[in-house]
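If you're matching them up, the sequences are chains A and B in order.
Mapping the first sequence onto numbering that gives the first Met the number 0, position 75 (from 1) lands on 74, and the numbers just tick up by one.
Mapping the second sequence onto numbering that gives the first Met the number 0, position 225 (from 1) lands on 224, and the numbers just tick up by one.
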Amino acid sequence: MVVFALTFIAPLVYSVYLSLFRDQLVGGNVFVGLDNYAQAFADEKLLEGALRVGAFLAVQVPIMLVLALIAALAIDSKRLAGSSLFRIGLFLPYAVPGVVAVLMWGFIYSERLGLAGDVNDTVGFDLMTPLSGDWILFAIGNIVTWEFMGYNMLIFYSALRAVSHDVYEAAAIDGAGQFRIIWNIKLPALRGALVIATIFSIIGSFQLFNEPNILKSLVPTLITTFYTPNMYAYNLSFVGQQVNYAATVAIIMGVITAVIAYVVQLRGTRGGAR
Amino acid sequence: MTTRHHRRAMATGAAVVGLALTLAACSGDAETTPESTGNGGEGAETNDALDAALERGGDLTYWTWTPSAEAQVEAFMDAYPNVNVEVVDTGGAADNNLDLQNAISAGSGVPDVVQVEYQALPQFVLPGALLDLSEYGFGEYESLYTPSTWGAVSFSEGIWGLPQDSGPMALFYNKRVFDEYGIEVPATWDEFVEAGRTLRESGDDVWITNDYGGDAGFGTSMMWQAGGLPFQIDGENVTIDLQDEGTTRWAETWNPLIEEDLLADIPGWSDEWFTALSDGTIASLPIGAWMPGVLESSAPGGAGDWAVAPMPTYDGEPATAENGGSSQAVTAQSEDPELAAAFLRWLNASDESVEVFLASGGFPATVADLESEEFQAYESEYFGGQRINEVLVDATNSVLPGWQYLPWQAYANSIYPDTVGQAYLSGADLNEGLLNWQDQNIQYGSDQGFTVNP
């Protein structure tokens, strides 16, 4: 409880406290009430960043989770040769430090030195331009999917392992095929895991920071300082020395994330009860 | 890697030339005479005090990202065995500033001596984070340094550091590529743009230079070189005019390069950049005088191809600007300011130390070294035997006076790609981007309590 208070409650309270002040280079620290919040809700940069991670969430998370689900079902089907190799192979990207992963992908994406450039040279026109305005968000989504698909696959897979084999045998005796088993047994058994994975992914999307922040050195104008709300808060706080406003942005994004995660959980569990 | 960070910092940085000159001019009449006599006597006393501190000894922490720092400190501790200096490699200017800012806010873990880019000095001086070295009689070292670097460390009626290096801009060009495409070394910016067209018309992957719109240090240096004075700071009053004559002159010259897609969109300091410098994809670079060391270490494939010329001009008058460069300063929170000041004095004002710095390929800020025959007569093998320092020292003497940086330059630079850089993305008018940058800086400055005039 003490640990919880120190590591969770205290920073939260302190952030809220910070968000009520404004510390200026000239004039010092003054209490401004809810001014920072008023400013944040009218802040186009914050809105742009929030909408961007929202769009990212809507596209990337379903793709990643469906892929992870397919992989988990495939491994669980026991029909896959070398399934343990497959499993560890998919999970391995999660073990690669995020920074290293992004640097590696940044190199692959490079149109001068990387794979994208080689492909373009081979086909004779600019087929792959991952680091251009149209594709950069997809390029980031690809990295995130690569990084976290295996992790989600493992969550699903362990949920599937918890299903008793008696159930499958009973189903087989009743004449159920593989797809019937997946639809009627495996997917319902996965509901809890799906809800958890979705919530984790939502939180992860709203906190998108590492990937765009590192790719920024390759495309400094495409990825702005307010590309995601987290990048915006970081730049405000550590470069702009606007700690108070950064705290405000962080709190607002935290509340939004919590609300969405809560709604997902509520819907997920209510559906289960029905 | 260290070198890369170091140079990166210098590229985004630059010096504040004329500030001190203006200030000297303002405060000159009434105070100069009594102050200088006072300083003379005080200087001798404080010199004694500093010498005594070195004898007494103690512990110091020194934050830096200069490659030669370890070697310099070793030489120092050999000479003064009672002093123990711990060198902390901060990796680069950005991290260095961040850590310093955090340590100062936290009130603990602040180093005694710290490397600060010229352009970042105002933002630390303003909140009182640095020690005014004039109280230790550092005013007497003015004559050791070039006017532009001394101007960068002495402003707001104080001396806030000692210059380590300088980076007057020159035009580095790939002679092999220029010859191959029949291009003369451009003496004016019009010729430079024309050369850019010639290269692109060849259809090869070869560009006059790279500029992605992401490097504020380059942009501000180019405004400076065009005679722009967009930032004027007088205490808490800040004037921002990114449409003044010089700045728009640069924008008008640069616009065709952007609109006609004549600039390689390769970000500086990336692997692609070094490759492009090695193989001639980038044919020239208007950049600081510290570039030879970077080329030698990071673009070995370009050996024998590169040469250096004075910056192209707008009207035939030689003119250049500082691009990057750092000083070392003593923090206000240092527990042993006398010892820290004594170390700093040795670090940037002693021959022993500067020699070590030069051996590592640095470009000095000290007049004696710049003017020394040995330095100027040096024939660079990488540059095909050219006496590059003659050109670069000349550049030192034509740095335009009067330039000032914003007291929040680090933040301003961070949003440069968001604003000015967007013009590069869309091939739009640079002036729009400059105006956007101006608006956001006015907003930020006002939020921070400054009186900002457009």
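In this text, a Cβ means the ideal position worked out from N, Cα and C, and glycines have one as well.
In this text the structure is predicted, and so the values were computed from the model without any measurement.
Any chain A beta carbon closer than 8 angstroms to residue i
i: residue 12 of chain B; result: Here residue 12 of chain B scores only 37 on pLDDT, less than 50, and its place in the model should not be relied on; the value that follows carries that caveat. Closer than 8 angstroms: no.
i: residue 414 of chain B; result: yes
i: residue 117 of chain B; result: no
i: residue 447 of chain B; result: yes
i: residue 235 of chain B; result: yes
i: residue 269 of chain B; result: yes
i: residue 97 of chain B; result: yes
i: residue 100 of chain B; result: yes
i: residue 299 of chain B; result: no
i: residue 330 of chain B; result: no
i: residue 79 of chain B; result: no
i: residue 144 of chain B; result: no
i: residue 266 of chain B; result: yes
Local conformation of residue i per DSSP, three classes
i: residue 265 of chain A; result: helix
i: residue 469 of chain B; result: Lying before the first or after the last residue shown, residue 469 of chain B is absent from chain B, which here runs from 0 to 453.
i: residue 80 of chain B; result: coil
i: residue 235 of chain B; result: coil
i: residue 305 of chain B; result: strand
i: residue 38 of chain B; result: Low per-residue confidence applies at residue 38 of chain B: pLDDT is 40, beneath 50, and the placement is therefore not dependable, though the value from the model is reported in the following sentence. DSSP places residue 38 of chain B in helix when its eight states are reduced to three.
i: residue 300 of chain B; result: helix
i: residue 110 of chain A; result: coil
i: residue 149 of chain B; result: helix
i: residue 162 of chain B; result: strand
i: residue 157 of chain B; result: strand
i: residue 402 of chain B; result: coil
i: residue 211 of chain B; result: coil
C-beta contact flag for residue i and residue j at 8 angstroms
i: residue 111 of chain B; j: residue 355 of chain B; result: no
i: residue 213 of chain B; j: residue 285 of chain B; result: no
i: residue 276 of chain A; j: residue 130 of chain A; result: Within the shown structure, residues of chain A are numbered from 0 to 273, placing residue 276 of chain A beyond reach of any answer.
i: residue 47 of chain A; j: residue 225 of chain A; result: yes
i: residue 26 of chain A; j: residue 443 of chain B; result: no
i: residue 339 of chain B; j: residue 161 of chain B; result: no
i: residue 52 of chain B; j: residue 341 of chain B; result: yes
i: residue 113 of chain B; j: residue 327 of chain B; result: yes
i: residue 256 of chain A; j: residue 64 of chain A; result: no
i: residue 298 of chain B; j: residue 283 of chain B; result: no
i: residue 252 of chain B; j: residue 293 of chain B; result: no
i: residue 101 of chain A; j: residue 250 of chain A; result: no
i: residue 391 of chain B; j: residue 307 of chain B; result: yes
i: residue 234 of chain B; j: residue 249 of chain B; result: no
i: residue 149 of chain A; j: residue 92 of chain A; result: yes
i: residue 220 of chain B; j: residue 320 of chain B; result: yes
Selection from the options that minimises the alpha carbon distance to residue i
i: residue 135 of chain B; options: B:445, B:50, B:186, B:256; result: B:50
i: residue 164 of chain B; options: B:246, B:108, B:80, B:365; result: B:365
i: residue 83 of chain B; options: B:90, B:89, B:216, B:72; result: B:72
i: residue 88 of chain B; options: B:81, B:78, B:67, B:103; result: B:67
i: residue 191 of chain A; options: A:168, A:154, A:178, A:237; result: A:154
i: residue 145 of chain B; options: B:408, B:413, B:394; result: B:394
i: residue 155 of chain B; options: B:247, B:127, B:116; result: B:127
i: residue 271 of chain B; options: A:186, A:106, A:19; result: A:106
i: residue 420 of chain B; options: A:236, A:180, A:220; result: A:220
i: residue 159 of chain A; options: A:141, A:187, A:142; result: A:187
i: residue 255 of chain B; options: B:59, B:268, B:207, B:269; result: B:207
Check: residue i C-beta below 7 angstroms from any heavy atom of the ligand FMN
i: residue 181 of chain B; result: Here there are no bound small molecules, and the ligand FMN is not part of this structure.
Minimum Cβ-Cβ distance from residue i to chain B less than 8 angstroms
i: residue 99 of chain A; result: no
i: residue 32 of chain A; result: no
i: residue 217 of chain A; result: yes
i: residue 14 of chain A; result: no
i: residue 76 of chain A; result: no
i: residue 109 of chain A; result: yes
Practice problem: May I ask you to list, following chain order, the residues of the region 244-264 of chain B that have a beta carbon less than 7 angstroms from some beta carbon of chain A? | Solution: Of all residues in the region 244-264 of chain B, none has a Cβ within less than 7 angstroms of some Cβ in chain A.
Quiz item: Can you list, in chain order, the residues of the region 154-187 of chain B whose Cβ is nearer than 7 angstroms to any Cβ on chain A?
Solution: Taking 7 angstroms as the upper bound on Cβ-Cβ separation, chain A lies near no residue of the region 154-187 of chain B.
Practice problem: Residues of the region 112-133 of chain A with a CB closer than 8 angstroms to any CB of chain B: list them in chain order, please. | Solution: So the close ones are 112, 132.
Quiz item: the region 402-435 of chain B: which residues have C-beta closer than 8 angstroms to a C-beta of chain A, in chain order?
Solution: Cβ contacts with chain A come from 406, 407, 409, 410, 413, 414, 416, 417, 420, 421, 423, 424.
Quiz item: Between the region 219-241 of chain A and chain B, which residues of the former have CB atoms less than 8 angstroms from a CB of the latter, in chain order?
Solution: Within the region 219-241 of chain A, the residues whose Cβ lies closer than 8 angstroms to some Cβ of chain B are 219, 220, 221, 223, 224, 225, 234, 237, 238, 239, 240, 241, listed in chain order.
Quiz item: Relative to chain B, which residues along the region 16-43 of chain A have a C-beta separation below 7 angstroms, given in chain order?
Solution: If the cut-off is 7 angstroms between Cβ atoms, the region 16-43 of chain A has 23, 24, 25, 26 near chain B.
Practice problem: Give the residues from the region 111-141 of chain B that approach chain A closer than 7 angstroms (Cβ to any Cβ), ordered along the chain. | Solution: When CB distances to chain A are screened at a threshold of 7 angstroms, the residues of the region 111-141 of chain B falling below it are 125, 126, in chain order.
Quiz item: Listed in chain order, which residues of the region 358-369 of chain B have Cβ atoms closer than 8 angstroms to some Cβ of chain A?
Solution: If the cut-off is 8 angstroms between Cβ atoms, the region 358-369 of chain B has nothing near chain A.
Practice problem: Determine which residues of the region 197-218 of chain B have a Cβ less than 9 angstroms from any Cβ of chain A, and write them out in chain order. | Solution: Using a CB distance below 9 angstroms, the part of the region 197-218 of chain B facing chain A consists of 204, 211, 212, 213, 214, ordered along the chain.
Quiz item: What are the residues of the region 272-302 of chain B that lie near chain A, defined by any Cβ-Cβ distance shorter than 7 angstroms?
Solution: Within the region 272-302 of chain B, the residues whose Cβ lies closer than 7 angstroms to some Cβ of chain A are 274, listed in chain order.
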